[in-house]
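In UniProt numbering, the protein residues as written are 1 to 82.
Given below as structure tokens:
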């Protein structure tokens, strides 16, 4: 399994999962760790479309609504991309 450089401690994520599964009134989303908190804060700073484009760029994906890659090939995720 791939490792994330400078990622949060797995124990932080584990605690968040336990909290999410045991809450009497679960929230739609839970933030696990410092990096996720930063991403959540960044998402609130600008338009949703801009944020989505940055995430797509980071993960080398096309934003929704753009069916063609710059090379002219249609984007079809493989099993390893999902």
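The beta carbon of each residue, even a glycine, is placed where N, CA and C say it ideally should be. The structure displayed is predicted, hence computed values, not measured ones.
What first and last residue would you give for the alpha helix (DSSP H) that runs through residue 52? Segment 48 to 58, the alpha helix (DSSP H) holding residue 52.
For residue 6, which of 19, 34 and 51 has the nearest alpha-carbon? The candidate whose alpha carbon is nearest that of residue 6 is 34.
Residue 28 (DSSP reduced to helix, strand or coil): Reduced to three states, the DSSP call for residue 28 is coil.
Could you check the C-alpha separation between residue 41 and residue 21 for me, to the nearest Å? Their backbone Cα atoms lie some 24 Å apart in a straight line.
Between the beta-carbon of residue 43 and the beta-carbon of residue 51, is there less than 8 Å? Closer than 8 Å, so yes.
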